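Trainee: Just so we're aligned, residue -1 is where the sequence shown starts under the working numbering, counting upward by one.
Backbone N, C-alpha and C fix where the C-beta goes; we use that ideal spot for every residue, glycine too.
This one's a predicted model, so the numbers in the text were calculated from it and none came from an experiment.
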Amino acid sequence: MLKIIIPTIMLLPMALMSPKKLLWANTTMHSLLIASLSLQWLHPTYYPHKNLTQWTGIDQISSPLLVLSCWLLPLMIMASQNHLQHEPLARKRIFIMTLITIQPFILLAFSTTELMLFYISFEATLIPTLILITRWGSQPERLSAGIYLLFYTLISSLPLLITILHLHSQIGTLHLMMLELTHPTLTNSWTGILSGLALLMAFMVKAPLYGLHLWLPKAHVEAPIAGSMLLAALLLKLGGYGIMRVTLLMGPLSNQLHYPFLTLALWGALMTSSICLRQTDLKSLIAYSSVSHMGLVIAASMIQTPWSFSGAMILMISHGLTSSMLFCLANTNYERTHSRILLLTRGLQPLLPLMATWWLLANLTNMALPPTTNLMAELTIMTALFNWSAFTIILTGAATLLTASYTLFMLLMTQRGTLPSHITSIQNSNTREHLLMTLHMLPLLLLILQPELISGIPL
């Protein structure tokens, strides 16, 4: 565990000391090395926990997410090069350092086996994200977006802290392995139900559940590209991961807790997909699509069957890579046309034919076309939900239909149609962008060959 965390922390002095010419090359290269080292965590084992130190351990649920977070750091650094090129050197260093600071916290949050440390690292990821949005966002509204993000997260996670302390006084330990061995302390009394609600609420806001999702489109639209990738690919997954970890502790949940969350998640998938059809802003559309995908993850992890957990796990990984890729594509458009409005950036296919290929691939992945892991995940989740209650097929089926329609709408709006008259000359797509898209797409296409690596099922 430490052989990944310590090199990640040592990237900080590297970002400070690197000479001007080698700043990007050094940080990207070394974070790619760390990412390739982290691939060993995917190696399947029979043991419940691998690489066990006192506070951290890696099992089948956390290893795919850990590898994903290591993999995305070089991609974020690569994606940010263009919009930082006119900034002074000191500011570039601070930006890269902010990105690197989040990384150890995310790694700790995903790998910790102790609830208190999990809470601390879960909250600590908030601060660098806030700095990214409020300092490097592109419009003045970024301040209100930062305030939304901060207060939504804080208000929901204070009850979580209180409940964790309460559990500690009840059981005497917060170590996950000990908690798995003790009997679930949360009974169906009012105290138990409210504790369960407090435990779930923080993750529901983070994941975001429909109804608690208002901070997400704001934060995504205002964040710089690295901030958007970070939010969509990693911080949303913290919510899903937290739900999976906490529901295992709570034993069979009472229905009073189950039904509202499940209903909201599935209904939200339907609602946000239909909101996407009416969006004018490209980044906002992608942000709302994340809400609908994470709704499926929440619904799956609430019914707590092995099938649904495995589907939620696969969907989290594939959605992390897909939405991150879509944000990168939206950013390449934004850097060329300086506009996120769909009407002003249409008809780009004749001008950037290779980029149009990436758009097509990313959109087909987003709407879960075979043979992608997205399809496998959605089918698994739908089967598990249908097995739990046959009525859910109406909601999930309608959500799938709407997902396909807004994805095709996005593809047609950006690539087809007549070119707007104000676009006279446009910059070519460059190798860095193509490499960025390849590094997003390649894992997605390779993972379908070996899906048990990310399915979260111990072999």
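Using only CA atoms, which one of T278, K281, M202 lies nearest to L260?
Mentor: For L260, the closest C-alpha among the options T278, K281, M202 is that of M202.
Trainee: Measuring alpha carbon to alpha carbon, tell me which of L184, G209, Y208 ends up nearest L197.
Mentor: L184
Trainee: Quick check on DSSP: helix, strand or coil for T436?
Mentor: helix
Trainee: Since K48 sits in a beta bridge, which residues does DSSP pair it with?
Mentor: I56
Trainee: Can you say whether R89 is buried or exposed, counting buried as having 16 or more other CB atoms within 10 angstroms of its CB?
Mentor: exposed
Trainee: Skipping 5 residues on each side, what residues in its chain have a beta carbon closer than 6 Å to that of G240?
Mentor: Cβ neighbours of G240 beyond the five flanking positions: F201.
Trainee: Mark F108 as exposed unless 16 or more other C-beta atoms lie within 10 angstroms of its C-beta, in which case mark it buried.
Mentor: Buried, because 16 or more other Cβ atoms sit within 10 Å of the Cβ of F108.
Trainee: With a threshold of 6 Å on Cβ separation, who are the neighbours of L177 within its own chain once the five nearest residues in sequence on each side are excluded?
Mentor: L247
Trainee: Under three-state DSSP, which class holds H420?
Mentor: coil
Trainee: Output the distance between the C-alpha atoms of M300 and M242, rounded to the nearest integer angstrom.
Mentor: 8 Å
Trainee: From which residue to which residue does the alpha helix (DSSP H) around M227 run?
Mentor: From DSSP, the alpha helix (DSSP H) with M227 extends over 223 to 228.
Trainee: Give the single residue among C326, L433, I296, S337 whose Cα lies nearest to the Cα of I379.
Mentor: Taking only the C-alpha atoms, the option nearest I379 is I296.
Trainee: Let me know if H420 comes out buried or exposed under the rule of 16 or more other beta-carbons within 10 Å of its beta-carbon.
Mentor: exposed
Trainee: Rounded to whole angstroms, what is the Cα-Cα separation between Y404 and S290?
Mentor: 12 Å
Trainee: Determine which residues share a DSSP beta bridge with T110 and list them.
Mentor: Bridge partners of T110 according to DSSP: T54.
Trainee: So, with DSSP's three-state summary, where would you put H173?
Mentor: strand
Trainee: Mind reading off the beta-carbon distance from A334 to Q425? Whole number of angstroms is fine, and I expect it under 8 Å.
Mentor: This sequence places Arg at residue 334; Ala is not what is there. About 5 Å separates the two Cβ atoms, so the contact holds.
Trainee: If contacts are defined as beta-carbon pairs under 8 Å, then V219 and S321 qualify, I think. What distance do you get, rounded to the angstrom?
Mentor: Contact doesn't hold; Cβ gap of about 14 Å is too wide.
Trainee: Using DSSP with H/G/I as helix, E/B as strand and the rest coil, what is I391?
Mentor: helix
Trainee: Which residues in the same chain as S271 place their Cβ atom closer than 7 Å to its Cβ, once the five residues preceding and following it in sequence are excluded?
Mentor: Within the same chain, S290, A397, L400, T401, Y404 come within 7 Å of S271 by CB-CB distance, once the 5 residues on both sides are set aside.
Trainee: Taking DSSP as the reference, what is the three-state secondary structure of I339?
Mentor: strand
Trainee: Excluding five sequence neighbours on each side, which residues of the same chain lie with their C-beta closer than 6 Å to the C-beta of E112?
Mentor: W53, L172, H173
Trainee: Can you find the residues in the same chain that come closer than 7 Å, C-beta to C-beta, to R430, ignoring five residues on each side of it along the sequence?
Mentor: M76, Q79
Trainee: Going by C-alpha distance, which of I94, L165, S142 is nearest A224?
Mentor: Comparing C-alpha distances from A224 to each of I94, L165, S142 shows the shortest one belongs to I94.
Trainee: Find out if the Cβ-Cβ distance for the pair S316, I455 is shorter than 7 Å.
Mentor: no
Trainee: Look at the Cβ atom of M353, then the Cβ atom of S306, and state whether they are nearer than 7 Å.
Mentor: no
Trainee: What's the gap between the Cα of M27 and the Cα of N186?
Mentor: 52 Å
Trainee: What does the alpha-carbon distance come out to for the pair T436 and L451?
Mentor: It is roughly 20 Å from the alpha-carbon of T436 to the alpha-carbon of L451.
Trainee: Can you tell me which of the three DSSP states P72 falls into?
Mentor: Three-state DSSP puts P72 in a helix.
Trainee: For the alpha helix (DSSP H) containing G240, name the first residue and the last one.
Mentor: 234 to 247
Trainee: What number of angstroms, rounded off, separates the C-alpha of H336 from the C-alpha of H181?
Mentor: 57 Å
Trainee: Closest to N372 by C-alpha separation, out of L442, H256, L0, would be which residue?
Mentor: L442
Trainee: Could you give the residue range of the alpha helix (DSSP H) that holds H211?
Mentor: Per DSSP, H211 belongs to no alpha helix (DSSP H) and is neither H nor E.
Trainee: Are the beta-carbon atoms belonging to L214 and A298 less than 7 Å from one another?
Mentor: No; because the gap between Cβ atoms is not below 7 Å, this pair is not in contact.
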